[in-house]
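Student:
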Amino acid sequence: MSMIGEYARLTADEFTRALDDPEWAEERVDELVEAELDGRGDREARCLDTDKAWHALDFLLSRIGFPVDIVFGEGSIPGAEDWGYTPPRYLAPDRVRAAAEALRTTPVERLVEGVTPEDLARADVYPVIVWERGESLEYATAYYEALVPFFAAAARDGDGMLMWLD
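Pasting the structure below:
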């Protein structure tokens, strides 16, 4: 089984409710995912996944001192059960705005400057087999580039963000 990094944007009202009612939050996120899979979603995506690149993104962002934890979030929802491998965590709307600004001003080249796949393998970054084979860091950077507009749209709309490993 694979661990996939998952994100969901919630409106300010939905976000507030999610913090108080984790069961409702899980149902709402399921609705958003279903709507997008069925082509009934909003013009802009409300959900995004980073496949198995989440750990590489965390490694790369941490090494440059990225100011917001966009992989694991900065808060936990009291009473939330696992949504796969982890319970959901969150970024409040103000932290989503901070993340969006930091993403906007952090070019992908800075993220991987001086880093090789071997560095990720030595650091035991999931999925290690990818880095041991010496595959390109483009696997992780493609997901980073998808996060930039996703967070920008969430910040513009005043959304909060949930994230978890599924």
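Position one of the sequence shown corresponds to residue 91 (this note's numbering), numbered consecutively onward. In this text, a Cβ means the ideal position worked out from N, Cα and C, and glycines have one as well. The model shown is predicted, which means the values in this text are computed figures rather than measured ones.
(1) Quick one: using the 10 Å Cβ neighbour count with 16 as the cut-off for buried, is R212 buried or exposed?
(2) If we call anything under 8 angstroms between Cβ atoms a contact, is V202 one with T231?
(3) Tell me which residue opens and which closes the alpha helix (DSSP H) that Y216 is part of.
(4) Answer yes or no: do D139 and F162 have a C-beta to C-beta separation smaller than 8 angstroms?
(5) Could you give the distance in angstroms between the alpha-carbon of L109 and the alpha-carbon of A115?
(6) To the nearest angstrom, how far is it from the Cα of F227 to the Cα of H145?
(7) Quick check: what's the CA-CA separation for D172 versus F241?
(8) For E104 and I94, what's the separation of their Cα atoms in angstroms?
Tutor: Put simply:
(1) By the 16-neighbour rule on beta-carbons within 10 angstroms, R212 is exposed.
(2) Annotated as proximal: V202 and T231, with beta-carbon spacing under 8 angstroms.
(3) Counting along the chain, Y216 falls outside any alpha helix (DSSP H), and DSSP gives it neither H nor E.
(4) No; because the gap between Cβ atoms is not below 8 angstroms, this pair is not in contact.
(5) C-alpha separation (whole angstroms): 8 angstroms.
(6) Phe is not the amino acid found at residue 227; the sequence shown has Leu there. So the two alpha carbons sit approximately 12 angstroms from each other.
(7) One Cα belongs to D172, the other to F241, and the distance between them is close to 24 angstroms.
(8) Rounded to whole angstroms, the gap between the alpha carbons of E104 and I94 is 23 angstroms.
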